[in-house]
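So the sequence lines, in the order shown, correspond to chains V and C. Take the first sequence: its letter number 5 is residue 309 in my numbering, and every next letter is one higher. Take the second sequence: its letter number 46 is residue 41 in my numbering, and every next letter is one higher. By construction, the Cβ of each residue, glycine as well, lies at the ideal position given by its N, Cα and C atoms.
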Amino acid sequence: MPVELLNVIEVMLNGLMAGIMYSLVALGFVLIYKASGIFNYAQGVMALFAALTLVGFQTGQVPFAHLINVIFGTHIEYWSDGLNTFVAIILTIIVMVILAYLVERFLLRHLVNTEPIILFMATIGLAYFMEGLGDLMWGANIKALNVGIPSGGSFWWEDVTKTWAPAEADYYGMYIDVLDVWAAVIAILLVVSLTLFSQYTKTGRALRAVADDHQAALTLGISLRTIWVIVWSIAGFVALVAGIMWGSKSGVQFSLSLIALKALPVLILGGFTSIPGAIIGGLIIGVGEKLFEYWIGPLIGGATENWFAYVLALVFLMFRPQGLFGEKIIERV
Amino acid sequence: MFYRESGDFKTSYRADQQTFPLKLDRWVVWLFIAFAFLVVPFLINDYWEKSVLLPVLVWSMAALGLNILTGYCGQVSLGTGGFMAVGAYASYKLTTAMPELNLFIVIILSGGITAMVGVLFGLPSLRIKGFYLAVATLASQFFLVWLFNKVPWFYNYSASGQITAPERTILGVIVSGPNAPPWATYLFCLTLVVILAIVARNLTRGRIGRSWMAIRDMDIAAEIIGVPPLAAKLSAFAVSSFYVGVAGAMFFMIYLGAAEPTEAFGIDKSFLVLFMIIIGGLGSIVGSFIGATFLILLPVLLKNILVGGFGWPTDLVAHLILMIIGGLIMFFLIVEPHGLTQLWRITKEKLRLWPFPH
């Protein structure tokens, strides 16, 4: 194969991997949107918060250490050498469930039957609150997250692809991050288990019923509040997975919460109500922005990844406002 | 007892429809404006100018703009930061290309340029609505900021990629650049804000404002009764972007003096303005001012109390401020989705009935 083609394949592969990372975030959005019609802007911050909490448990940080030190003049930082990764993950999941309960109890319960845009804005407020809370609990410095997932370029893949190029060409093989491959595997597992859960368990059936019609579900005796807590907990879990993957890739820091913004065009492309849509939308955006940067980027100054996804979504919306897999929007007066 | 209509007889439609129907209200407003124009310039110092008055005026203007689009016409926009950047860069290009042009005209012209850009990015609103539109406006935010970073023509090929406001005078007084006296910059911004607020008030209660509100309340129904959605939506985008552009130009020329697009006009600014109008009150001119004042003064106040009073470290206070702002937004949405203006309206209603509420 010519080197040019190999380069394009490499760009596309990396785009696919990046797309899966976007899909991981988008998945959390879709779950909450389907079950409660809420567009949860705080999903990205939830990922950041989950990752911060995980690091905090792993390293044995004292929550609110900075605040306590300032108020009482103490100098506490760590309460132990840190916990086992597995225990830390379990504890983080518990924290996310508690958080889901609190969100339902203090926010959603009071906002039932308000306009979607008000709910959206409320989640923006939630995002700010949690961002402040996360920083206050665990400190705002950039933290490294390591849960034992291997990372770095794959030498095996480099060697394999080197043989594809003509012998005389100066080709070094393709670069692919092992971490991204793991992210892909985990994303597939996550989607499969979520699908199984919603198809074959009683709770899953209740979730789908609520997604279909709130009022009908209520008349059948399904508790909307419980369902919301469950959905937000699952979304918290998905956020944790996304936080772990993004955190291991680029460190746990504020910019992690901005991936929520990148997930928006993914959702638009895939449709707000479709789990496969979130995955495929992510892949299209990932491949699209990497290829655009590769071909067009150098001509117009580079760094097109900042806006390409949004412009693509914009153009796409002009032709298909409900997304690829979304339900058709029908409006009546 | 004193706060009511009785004895204040209206003899014409004009008098009946005026913005402040109560005599007392009118007096208070006039006194407030007189105080702002005649007294404050003599009291102002550098600290008050830079950290309180100018930010409040600039962000009020931006909030006014977004409120026209989101509050009156119902189109959610997350591109405010990008449009402010357009205003800022337009004013920079205009004033460096034509140094003798009056700064007042420069700022109005940059508003006009932003309006054109706004209409361009408003075109998708004809087909998409709600969240989808909000995401579409994100495209303008990121694309515009990227554009100003990447095309050297916009920043006159300066080595740092920054734009710096040159010194300009109005009636012989310096109003932009580092040597401008605080009272001059303050008065300049105040004049612009007051004039444009009056214009906005009159736009929104006239035919055009009613067509916006009809579109906001239900666009299909509005279309059926004969409100043209194309004209209404695009005019809302144009007017709103004009205000936001003027705010951007003021922000850069008068307040910042030097700007770099990613830092000064990032997505956080778009959200800030959105919060201002939510907290202040969607669809209310006064609400834009209240919201902007509240969100600008709250961090300043908290900082002064916690950092100055208690001696807490600034980063800790910054986190606390984030939490408080987020908490307040949720609180307001639960308790009063119509914002602080609604609380103000309720207070006024109660005052009118006082002391016999039944």
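query: Is the beta carbon of Met434 (chain V) sitting closer than 8 Å to the one on Gly540 (chain V)?
result: Residue numbering aside, residue 434 (chain V) sits at position 130 when the first sequence is read from its first letter. Residue numbering aside, residue 540 (chain V) sits at position 236 when the first sequence is read from its first letter. Not closer than 8 Å, so no.
task: Tell me whether Asn62 (chain C) is buried or exposed, calling it buried when 16 or more other Cβ atoms sit within 10 Å of its Cβ.
output: On the second sequence, residue 62 (chain C) is found 67 positions in, with the first residue counted as 1. Taking a 10 Å sphere around the C-beta of Asn62 (chain C), we find 16 or more other C-beta atoms and assign the residue as buried.
message: Let's test the definition: count the other Cβ atoms within 10 Å of the Cβ of Gln13 (chain C) and tell me whether it reaches 16, buried, or not, exposed.
response: As a working note, residue 13 (chain C) is residue 18 in the second sequence. When all chains shown are included, Gln13 (chain C) counts as exposed.
message: So with CB distances below 7 Å, who are the chain C contacts of Ile572 (chain V)?
response: Numbered from its first residue, the first sequence carries residue 572 (chain V) at position 268. Going along chain C in sequence order, the residues near Ile572 (chain V) (Cβ under 7 Å) are Tyr127 and Val130.
Cα-Cα separation between Leu96 (chain C) and Ala231 (chain C), rounded to whole angstroms: Taking the second sequence and counting its residues from 1, the one referred to as residue 96 (chain C) is at position 101. Taking the second sequence and counting its residues from 1, the one referred to as residue 231 (chain C) is at position 236. Between Leu96 (chain C) and Ala231 (chain C), the C-alpha separation is close to 29 Å.
- prompt: From Val34 (chain C) to Val268 (chain C), what does the alpha carbon distance come to, in whole angstroms?
  reply: Working through the second sequence from its first residue, we reach residue 34 (chain C) at position 39. Working through the second sequence from its first residue, we reach residue 268 (chain C) at position 273. Distance between the alpha carbons of Val34 (chain C) and Val268 (chain C) is about 29 Å.
- request: Compare the C-beta of Val615 (chain V) against all C-beta atoms of chain C and say whether one is closer than 8 Å.
  value: Along the first sequence, read from residue 1 onward, the residue named residue 615 (chain V) stands at position 311. So yes, Val615 (chain V) belongs to the interface.
task: Please go through the same chain and pick out, in chain order, the residues whose beta-carbon is closer than 8 Å to the beta-carbon of Leu483 (chain V), but skip the five residues on each side of it.
output: Counted from its first residue, the first sequence places residue 483 (chain V) at position 179. So the qualifying residues of the chain are Ile453, Pro454, Ser455, Gly456, Met549, Ser552 and Lys553.
- request: Report buried or exposed for Leu406 (chain V), applying the criterion of at least 16 other Cβ atoms within 10 angstroms of its Cβ.
  value: Your numbering for residue 406 (chain V) matches position 102 in the first sequence. Exposed, because fewer than 16 other Cβ atoms sit within 10 Å of the Cβ of Leu406 (chain V).
task: Would you tell me roughly how many angstroms separate the C-alpha atoms of Gly605 (chain V) and Phe266 (chain C), rounded to the nearest one?
output: Here the question's residue 605 (chain V) lines up with position 301 in the first sequence. Here the question's residue 266 (chain C) lines up with position 271 in the second sequence. Roughly 28 Å separates the two Cα atoms.
DSSP-derived helix/strand/coil call for Gly457 (chain V): Here residue 457 (chain V) corresponds to residue number 153 of the first sequence, with the count starting at 1. It is a strand residue.
- prompt: At what residues does the alpha helix (DSSP H) containing Gly438 (chain V) begin and finish?
  reply: Translated into the one-based positions of the first sequence, residue 438 (chain V) becomes position 134. Looking at the DSSP string, the run of the alpha helix (DSSP H) that includes Gly438 (chain V) is Pro420 to Trp442.
field: Pair within 8 Å by beta-carbon distance, Ser72 (chain C) and Lys228 (chain C)
entry: Along the second sequence, read from residue 1 onward, the residue named residue 72 (chain C) stands at position 77. Along the second sequence, read from residue 1 onward, the residue named residue 228 (chain C) stands at position 233. No. Outside cutoff.
message: Mapping the DSSP letters down to three states, classify Lys447 (chain V) as helix, strand or coil.
response: Translated into the one-based positions of the first sequence, residue 447 (chain V) becomes position 143. Note: Lys447 (chain V) maps to strand in three-state DSSP.
Three-way DSSP call (helix, strand, coil) for Thr164 (chain C) in this model: The residue given as residue 164 (chain C) occupies position 169 in the second sequence. It is a strand residue.
message: Going by DSSP, what residue range makes up the alpha helix (DSSP H) through Arg202 (chain C)?
response: Here residue 202 (chain C) is taken as the residue at index 207 of the second sequence, counted from 1. Counting along the chain, the alpha helix (DSSP H) containing Arg202 (chain C) begins and ends at Arg202 to Asp212.
task: Taking all protein chains shown into account, decide if Arg636 (chain V) is buried (16 or more other Cβ within 10 angstroms of its Cβ) or exposed.
output: Position 332 of the first sequence, counted from the first residue, corresponds to residue 636 (chain V). Result: exposed.
Residue of C:Arg163, C:Gly167, C:Val168 and C:Phe143 minimising C-alpha distance to Gly410 (chain C): Outside the modelled stretch of chain C, which goes from -4 to 353, sits residue 410 (chain C), for which no answer is possible.
message: If you follow the alpha helix (DSSP H) that Gly321 (chain C) is in, where does it begin and where does it stop?
response: For the purposes of this step, residue 321 (chain C) is identified with residue 326 of the second sequence, where counting begins at 1. Per DSSP, Gly321 (chain C) belongs to the alpha helix (DSSP H) from Thr309 to Val330.
message: By the three-class DSSP mapping on this structure, what secondary structure does Ala192 (chain C) have?
response: Position 197 of the second sequence, counted from the start, is the residue given in the question as residue 192 (chain C). Helix at Ala192 (chain C).
task: To the nearest angstrom, report how far apart Leu64 (chain C) and Gln70 (chain C) are at their CA atoms.
output: In the second sequence, residue 64 (chain C) corresponds to position 69, counting from 1. In the second sequence, residue 70 (chain C) corresponds to position 75, counting from 1. Straight-line Cα distance between these residues: approximately 6 Å.
message: In the DSSP assignment, the alpha helix (DSSP H) including Thr523 (chain V) goes from what residue to what residue?
response: Residue mapping note: residue 523 (chain V) aligns to position 219 of the first sequence, counting from 1. Per DSSP, Thr523 (chain V) belongs to the alpha helix (DSSP H) from His518 to Thr523.
message: I believe Ala110 (chain C) touches Gly240 (chain C) by the beta-carbon criterion, under 8 Å. Please report the beta-carbon distance rounded to the nearest angstrom.
response: Within the second sequence, residue 110 (chain C) is the residue found at index 115, counting from 1. Within the second sequence, residue 240 (chain C) is the residue found at index 245, counting from 1. Right, the Cβ-Cβ distance comes to about 7 Å (below 8 Å), so this counts as a contact.
Proximal residues of chain V, C-beta to C-beta of Leu297 (chain C) below 9 Å: Taking the second sequence and counting its residues from 1, the one referred to as residue 297 (chain C) is at position 302. Those do not exist, as Leu297 (chain C) stays about 12 Å from chain V at its closest Cβ, beyond 9 Å.
- request: Quick one: residues in its chain with C-beta nearer than 7 Å to the C-beta of Arg512 (chain V), no 5 flanking neighbours on either side, listed in chain order?
  value: For the purposes of this step, residue 512 (chain V) is taken as the residue at position 208 of the first sequence. Excluding positions up to five away in sequence, the list reads Ser502.
- request: Whole angstroms is fine: what's the gap from Gly438 (chain V)'s alpha carbon to Asn299 (chain C)'s?
  value: The sequence position of residue 438 (chain V) within the first sequence is 134, counting from 1. The sequence position of residue 299 (chain C) within the second sequence is 304, counting from 1. Cα-Cα distance, rounded: 23 Å.
message: Please tell me whether Ala431 (chain V) has its Cβ less than 8 Å away from any Cβ of chain C.
response: The residue you call residue 431 (chain V) lines up with position 127 of the first sequence. For Ala431 (chain V), the answer is yes, since a Cβ of chain C falls inside 8 Å of its Cβ.
- prompt: Does the distance from the CB of Ala330 (chain V) to the CB of Gly574 (chain V) come in under 8 Å?
  reply: The residue you call residue 330 (chain V) lines up with position 26 of the first sequence. The residue you call residue 574 (chain V) lines up with position 270 of the first sequence. Ala330 (chain V) places its beta carbon less than 8 Å from that of Gly574 (chain V).
task: Kindly list the residues whose CB is nearer than 6 Å to the CB of Phe623 (chain V), restricted to its own chain and excluding five residues on each side of it in sequence; keep chain order.
output: What you label residue 623 (chain V) is simply residue 319 of the first sequence in a count that begins at 1. So the list is empty, once near-sequence residues are dropped.
- request: Report the three-state DSSP secondary structure of Tyr382 (chain V) (helix, strand or coil).
  value: Along the first sequence, read from residue 1 onward, the residue named residue 382 (chain V) stands at position 78. When DSSP states are grouped into helix, strand and coil, Tyr382 (chain V) belongs to the strand group.
message: Strictly by DSSP, which residues pair up with Gln365 (chain V)?
response: In the first sequence, counting from the first residue as 1, residue 365 (chain V) sits at position 61. BP columns for Gln365 (chain V) point to V:Tyr382.
query: How big is the Cα-Cα spacing for Thr288 (chain C) and Ile108 (chain C)?
result: Translated into the one-based positions of the second sequence, residue 288 (chain C) becomes position 293. Translated into the one-based positions of the second sequence, residue 108 (chain C) becomes position 113. Using only the alpha carbons, I get a separation of about 27 Å.
- prompt: Would you say Glu435 (chain V) faces chain C, with C-beta separation under 8 Å as the test?
  reply: On the first sequence, residue 435 (chain V) is found 131 positions in, with the first residue counted as 1. Judged by the 8 Å Cβ criterion, Glu435 (chain V) is in contact with chain C.
- prompt: Should the region 356 to 364 of chain V be regarded as contacting the region 385 to 394 of chain V, the criterion being three or more beta carbon pairs within less than 8 Å?
  reply: yes
task: Please go through the same chain and pick out, in chain order, the residues whose beta-carbon is closer than 7 Å to the beta-carbon of Ile210 (chain C), but skip the five residues on each side of it.
output: Working through the second sequence from its first residue, we reach residue 210 (chain C) at position 215. The residues are Cys68, Gly69, Ala217, Val222, Pro224, Ala227 and Lys228.
query: What is the DSSP secondary structure of Asp474 (chain V), reduced to helix, strand or coil?
result: On the first sequence, position 170 is the one that residue 474 (chain V) refers to. Note: Asp474 (chain V) maps to coil in three-state DSSP.
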